[in-house]
Amino acid sequence: MSRTGNPILDSNIHTLMQVHKKSSAKIWLSAIECLSRSNARRVLANVGKISRLTKDGDLVLVPGKVLGGGTIVHKVTVGAYSFSEKASWKIQKAGGKTLSLGGFVKKFPHGREVILVGG
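Residue numbers (the working numbering): 294 to 412.
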């Protein structure tokens, strides 16, 4: 298991590894790889990018931080390592849901129909 020095990040990576072992979904390995990168190479995704890549009702995984740039008008469920306040507000205002990475993985462990953004 990767030791990043950040106990929250290590816990998320550990959770992803456990879910991958049970489901064998490759999306979780991709997410682990993204989270294990250095801070300078970590994934950043704007709300506008999520909006362009998704449609109403999609499940989105961002193995990094979601930022508030852009707009979104359809409902999506987004799981991410972290959210800016503005990004969380915009997603919820559009009727979507924001979940922590651990919460998202526990709610959708199969990994089917999950769109990986920024990976």
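A virtual CB, placed ideally from N, CA and C, is assigned to each residue, including glycine.
What residue from Asn305, Thr308, Phe376 has the CA that sits closest to Asn339's CA?
Phe376
Beta-carbon proximity check, Ile343 vs Val369, cutoff 8 Å
yes
Alpha carbon to alpha carbon, how far is Gly404 from Tyr374?
16 Å
I believe Gly372 touches Gly341 by the beta-carbon criterion, under 8 Å. Please report the beta-carbon distance rounded to the nearest angstrom.
Gly341 and Gly372 do not touch by the CB rule: their CB atoms are close to 18 Å apart, not below 8 Å.
Helix, strand or coil at Asn299 [DSSP, three-state]
Reduced to three states, the DSSP call for Asn299 is coil.
With 16 other Cβ atoms within 10 Å as the buried cut-off, status of Asn299
By the neighbour-count criterion, in which 16 or more other beta carbons inside 10 Å mark a residue as buried, Asn299 falls on the exposed side.
How would you call Ala333, buried or exposed, if buried means at least 16 neighbouring beta carbons within 10 angstroms?
Flag for Ala333 reads exposed.
Along the chain, where does the alpha helix (DSSP H) that runs through Gly396 open and close?
Following the DSSP letters along the chain, one finds Gly396 inside the alpha helix (DSSP H) bounded by residues 394-400.
Take Gly388 and list the residues in its own chain whose beta-carbon comes closer than 7 Å to its own, dropping the five residues that flank it on each side.
Answer for Gly388: Lys368, listed in chain order.
Tell me which residue opens and which closes the alpha helix (DSSP H) that Gly341 is part of.
340-346
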